[in-house]
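Engineer: Those letters in the sequence shown? Residues 161 to 899, by the numbering used here.
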Amino acid sequence: MAAPVEVALVLLLLLPFAAADTDRDALVAFKAGVTSDPASALRSWNDTAHFCRWAGVTCTAGWVTSLDVSSSNLAGEVSPAVGNLTHLVVFNLTRNGFSGNIPPSLGRLQQLEFLSLCDNAFTGEIPDTLRNCTRLTVAYLNNNNLVGGVPGWLGALPNLTIVRLSHNSLSGRIPSSLANLTKIERLELDQNLLEGSIPDGLWRLPELAFFTVSMNRLAGEIPTGFFNMSSLQGIALANNAYRGELPPNAGARTPNLMYLFLGGNRLAGPIPASLSNATQLQVLSLANNSFTGQVPVEIGKLCLGSLQLSNNELTATDAGGWEFLENLTNCSNLAEIFLDGNRLAGAMPTSIARLSPQLEKLSLANNRISGTIPPEIGNLVGLQTLSLQSNLLAGTIPEGIGKLENLQELVLEQNNLAGPVPSAIGDGLTKLLKLDLSSNSLNGSIPPSLGKLKQLTFLNISGNELTGHVPRELFALASLSSVMDLSYNQLDGPVPRDVGQLTNLALMVLSGNRFSGEVSAELGSCQSLEFLDLSTNSFTGSIPPSLSRLKGLRMLNLTGNRLTGSIPPELGQMSGLQELSLSRNELSGGIPASLETMSSLIELDLSDNRLDGQVPLHGVFANTTGFRMTGNSALCGGAAWFRLPPCPATSNSTRHAHLFLKFGLPAIVGAMCLAVLFAALRWRRKKSIIANTAARSVLNGNYYPRISYAELAKATDDFTDANLVGAGKYGSVYRGTLL
Numbered sequence: 161m162a163a164p165v166e167v168a169l170v171l172l173l174l175l176p177f178a179a180a181d182t183d184r185d186a187l188v189a190f191k192a193g194v195t196s197d198p199a200s201a202l203r204s205w206n207d208t209a210h211f212c213r214w215a216g217v218t219c220t221a222g223w224v225t226s227l228d229v230s231s232s233n234l235a236g237e238v239s240p241a242v243g244n245l246t247h248l249v250v251f252n253l254t255r256n257g258f259s260g261n262i263p264p265s266l267g268r269l270q271q272l273e274f275l276s277l278c279d280n281a282f283t284g285e286i287p288d289t290l291r292n293c294t295r296l297t298v299a300y301l302n303n304n305n306l307v308g309g310v311p312g313w314l315g316a317l318p319n320l321t322i323v324r325l326s327h328n329s330l331s332g333r334i335p336s337s338l339a340n341l342t343k344i345e346r347l348e349l350d351q352n353l354l355e356g357s358i359p360d361g362l363w364r365l366p367e368l369a370f371f372t373v374s375m376n377r378l379a380g381e382i383p384t385g386f387f388n389m390s391s392l393q394g395i396a397l398a399n400n401a402y403r404g405e406l407p408p409n410a411g412a413r414t415p416n417l418m419y420l421f422l423g424g425n426r427l428a429g430p431i432p433a434s435l436s437n438a439t440q441l442q443v444l445s446l447a448n449n450s451f452t453g454q455v456p457v458e459i460g461k462l463c464l465g466s467l468q469l470s471n472n473e474l475t476a477t478d479a480g481g482w483e484f485l486e487n488l489t490n491c492s493n494l495a496e497i498f499l500d501g502n503r504l505a506g507a508m509p510t511s512i513a514r515l516s517p518q519l520e521k522l523s524l525a526n527n528r529i530s531g532t533i534p535p536e537i538g539n540l541v542g543l544q545t546l547s548l549q550s551n552l553l554a555g556t557i558p559e560g561i562g563k564l565e566n567l568q569e570l571v572l573e574q575n576n577l578a579g580p581v582p583s584a585i586g587d588g589l590t591k592l593l594k595l596d597l598s599s600n601s602l603n604g605s606i607p608p609s610l611g612k613l614k615q616l617t618f619l620n621i622s623g624n625e626l627t628g629h630v631p632r633e634l635f636a637l638a639s640l641s642s643v644m645d646l647s648y649n650q651l652d653g654p655v656p657r658d659v660g661q662l663t664n665l666a667l668m669v670l671s672g673n674r675f676s677g678e679v680s681a682e683l684g685s686c687q688s689l690e691f692l693d694l695s696t697n698s699f700t701g702s703i704p705p706s707l708s709r710l711k712g713l714r715m716l717n718l719t720g721n722r723l724t725g726s727i728p729p730e731l732g733q734m735s736g737l738q739e740l741s742l743s744r745n746e747l748s749g750g751i752p753a754s755l756e757t758m759s760s761l762i763e764l765d766l767s768d769n770r771l772d773g774q775v776p777l778h779g780v781f782a783n784t785t786g787f788r789m790t791g792n793s794a795l796c797g798g799a800a801w802f803r804l805p806p807c808p809a810t811s812n813s814t815r816h817a818h819l820f821l822k823f824g825l826p827a828i829v830g831a832m833c834l835a836v837l838f839a840a841l842r843w844r845r846k847k848s849i850i851a852n853t854a855a856r857s858v859l860n861g862n863y864y865p866r867i868s869y870a871e872l873a874k875a876t877d878d879f880t881d882a883n884l885v886g887a888g889k890y891g892s893v894y895r896g897t898l899l
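#1: Is the Cβ-Cβ distance between E633 and N649 less than 8 Å?
#2: Taking only three categories from DSSP, how would you classify T853?
#3: I'd like the span of the alpha helix (DSSP H) that includes R255, first residue to last.
#4: For P264, which residues in the same chain have their Cβ closer than 7 Å to its Cβ, ignoring the five residues on either side in sequence?
#5: From L462 to V643, what does the alpha carbon distance come to, in whole angstroms?
#6: Out of S622, T696, S676, N664, point me to the one whose CA is closest to C686's CA.
#7: Just mark A369 as buried or exposed, buried being the case when its beta carbon has 16 or more other beta carbons within 10 Å.
#8: Using the Cβ count rule (16 or more neighbours within 10 Å means buried), how would you classify Q615?
#9: Can you tell which of S647, N399, N416 has the C-alpha that lies nearest to the C-alpha of F386?
#10: With C-beta atoms as the reference, is D652 less than 8 Å away from S598?
#11: Does DSSP put P287 in a helix, in a strand, or in coil?
#12: Starting from the Cα of E496, find the closest Cα among L464, L504, G623 and give me that residue.
#13: So the candidates are E237, H247, T590, L397; which of them puts its Cα closest to the Cα of D183?
#14: According to DSSP, K521 sits in a beta bridge with which residue or residues?
#15: Using CA coordinates, which residue listed in G260, T477, L567 is at the minimum distance from G284?
#16: In the DSSP assignment, the beta strand (DSSP E) including G236 goes from what residue to what residue?
#17: Kindly list the residues whose CB is nearer than 7 Å to the CB of S583, restricted to its own chain and excluding five residues on each side of it in sequence; keep chain order.
#18: Please check the pair G309 and G332, which I expect to be a contact at CB under 8 Å, by giving their CB distance rounded to whole angstroms.
#19: Taking 8 Å as the limit between beta carbons, can you name the residues of its chain near R709, skipping five residues before and five after?
#20: Going straight from the alpha carbon of L718 to that of A794, what length do you get?
#21: Could you spell out where the alpha helix (DSSP H) holding A584 opens and where it closes?
#22: Going by beta-carbon coordinates alone, are R255 and S230 separated by less than 8 Å?
#23: By Cβ distance below 8 Å, which residues in the same chain neighbour N305 in space, the five residues on each side in sequence not counted?
#24: What did DSSP end up calling S445 once you bin it into helix, strand or coil?
#25: For Q574, count neighbouring C-beta atoms within 10 Å of its own C-beta (all shown protein chains included) and say buried if the count is 16 or more, exposed if not.
#26: Let me make sure I understand the geometry here. Which of F618, D197, R657, W313 has the alpha-carbon closest to that of S639?
#27: Under three-state DSSP, which class holds Q661?
#28: Judging by CA-CA distance, which residue of R503, G562, R413 is the nearest neighbour of N551?
#29: Going by the beta-carbon positions, is the gap between A479 and F451 smaller than 8 Å?
#30: Could you tell me the alpha carbon to alpha carbon distance between S601 and S523, rounded to whole angstroms?
#31: If the criterion is Cβ atoms closer than 8 Å, does the pair G588 and N603 meet it?
#32: Residues bridged to C219 by DSSP?
#33: Quick one: Cα of I585 to Cα of S226, how far?
#34: Could you pull the start and end residues of the alpha helix (DSSP H) that L640 belongs to?
#35: Have a look at R528, L275, S516 and flag the residue whose alpha-carbon is nearest the alpha-carbon of L296.
#36: What does V669 pair with, by DSSP beta-bridge criteria?
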């Protein structure tokens, strides 16, 4: 009997070594599936150390129990051999670049409790074999490219506490079996393609704290049971197609609710005042719905961090509706207020200036707010975004706005603001990225201090009554990368050469002003320009060929100026140009054939010029809608639908004349020039001989007769004044008669 016992003991002793070989082989296979390891995260995975000491590997009693290579920038596919790590408890591949399908062999990991494959590029469906991982408590599969449905068998995993399947392409309905997850605390299904309604049983889950299904295709009414869940801390149903009204007692039975995201649905009716009972609420987002009535006064009593009520049908007037804002002045943690896109009217409440100095974003845009901007708005020193556009605000822009030193976006467009642009904007708002003062009635000149906004990327002051020259400092703002729109003011003078420093700018609009002088050749240095509109000004001279260096230009508009000369052939080489408008100038000459080769050109307007000659047949010239040429009576030919007169035919005699002019005439002129040159040389030589002979005759006294002084005195009557003809620098001339 002793022998069998000894054999059994030997087998038990050898078993860990066999298991060790299996785990090591599985790890080696996993490494073999890695095709990219830029940070050398697996460099320790070699024979110099035991596999239990490899980076990311943890062992217990010789078995691999944890494989964690998260945030290692690894790429490749996960080897099915990982399923041989049968003692694995933690498998974490978070934030890598793994692709391919999730290996079905993971279903053999029956000890697995923590599975994180999120933030990779896995494809395919979630394998059914994972239903065998009954000890699983955490499953992070979010941020991949998974397809198929949400597995119904998830409801059979009794220990699940967290399930994240968001940011995939999962479709179908939410399985009702998920209502069996009695331990679930966090269920995240947002940003997928899910349809249908929310299963009723989900709101009965006793431990559920966070439920997110935003950005799907869900519809129906929101189950009222969710507003009775005392465990609920956050619910996100935004950007679906939910309809109906919120229950009048919403918030009364959710004492732990901190986040409520219901924006982007079809909800209507009033905002329940009972939401104020959710005293832990930090974010209330009801934007992009059809809520009506006034914002309840009680809402202002919540110590919110963010209030998002944009794009509804909420109302307020001078008679009432703004009281909630007064209550919000007591909220020291308030960081965001979004009330834009409603029907709020009346004068802007002065209480705005008494909101928390911690406030970062304030948007009242697209309402009917009148009155003036409170000068005390400069007290909101924490503001990063101030959006008051599309209202009825009047008066001037207060100088105090220059105290908002943290401001990054100032948008005041489409109001009735008048007066000058405060120089304080340039002096104080040095962090400004976007400045939009367009469509107001601002006057005076543009302050040079705007040139101090060295981080500005977007500038729009169009549609005002600004006058004078544009400061050179403005054209030297190399930070401008998005928009520079100064159109439809009364600006004048030339565009300074500093414009060439706008090398990052994509769109420049200077139309509808009184700019004069030549179109600056330095515009050719603005290599990022896609749209350039200089129309309706007083530019003179010719179109600078340097514009052809703008390889990404898609639209060029020079209409309504006083330009002369012909269209530079170089413009035909601009492969990115899609629209060219040169109307109402004084251009002369034919249409360059090079325009025909611009494959990206889809719109060309050459109207109201003095062009002549043949219209090309290909490219944009074959487009019945993209090419416009009215007002050029001397054009001919072209596509038949333009109904232009045919160009004069080229006959044989005309061809012979053309050949004579091209080759014969130059030869004849050259021969004549040689003959004339030869004759001139002979004449010059003969003249030189004659001149030398005459000079010798003068020196010998034989060419002119010699006359004595006495004879000259007698002939001029002793040089009397009566015989004086004139006097000059070198002497006098007398009239005399020799006898």
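Beta carbons are placed, not taken as given, at the ideal position from N, Cα and C, and that holds for glycine.
Structural biologist: This is what the structure holds:
#1: N649 sits away from E633, with the two beta carbons spaced by 8 Å or more.
#2: Bear in mind that a pLDDT of 38 at T853, under 50, signals an unreliable position, so the number given afterwards is only what the model happens to contain. In the three-state DSSP reduction, T853 falls in the helix class (H, G or I).
#3: Element bounds for R255: n/a, residue is neither H nor E.
#4: If we look at P264 and ignore the five residues flanking it on each side, its Cβ neighbours are P287, T289.
#5: Between L462 and V643, the C-alpha separation is close to 40 Å.
#6: Ranking S622, T696, S676, N664 by Cα distance to C686 puts N664 first.
#7: So A369 ends up on the buried side.
#8: Burial check for Q615: the Cβ neighbour count within 10 Å stays below 16, so the residue is exposed.
#9: Measuring from the Cα of F386, the nearest candidate turns out to be N416.
#10: Going by C-beta atoms, D652 is not nearer than 8 Å to S598.
#11: Residue state, collapsed to three classes: coil.
#12: Among L464, L504, G623, the Cα nearest to that of E496 belongs to L464.
#13: Among E237, H247, T590, L397, the Cα nearest to that of D183 belongs to H247.
#14: Per DSSP, the beta bridge partners of K521 are E496, T545.
#15: That would be G260, whose Cα lies nearest to the Cα of G284.
#16: Here the beta strand (DSSP E) through G236 covers 235-237.
#17: Take S583, set aside five residues on each side of it, and the residues of its chain with a beta-carbon closer than 7 Å to its own are P607, S609, in chain order.
#18: Confirmed, Cβ separation roughly 4 Å.
#19: G684, S685, Q687.
#20: If you take the alpha carbons of L718 and A794, they lie about 21 Å apart.
#21: A584 -> alpha helix (DSSP H) spans 584-588.
#22: Using a Cβ distance threshold of 8 Å, R255 and S230 count as a contacting pair.
#23: Once the five neighbours on either side are set aside, the close Cβ partners of N305 are A281, F282, T283, N328, S329.
#24: Three-state result, S445: strand.
#25: Residue burial annotation: Q574 is buried, with at least 16 other C-beta atoms found within 10 angstroms of its C-beta.
#26: Looking from the CA of S639, the closest CA among F618, D197, R657, W313 belongs to F618.
#27: The answer is helix: DSSP assigns Q661 an H, G or I state.
#28: The shortest C-alpha separation from N551 is found at R503.
#29: Going by C-beta atoms, A479 is not nearer than 8 Å to F451.
#30: Distance between S601 and S523, taken at the CA atoms: about 22 Å.
#31: Their beta carbons are not under 8 Å apart, which means G588 does not touch N603 by this criterion.
#32: C219 is bridged by DSSP to V224.
#33: I585 and S226: Cα-Cα distance of roughly 57 Å.
#34: Unbroken run through L640: none, as it is neither H nor E.
#35: Per the Cα distances, L275.
#36: Under DSSP, V669 takes part in a beta bridge, and its partners are D645, D693.
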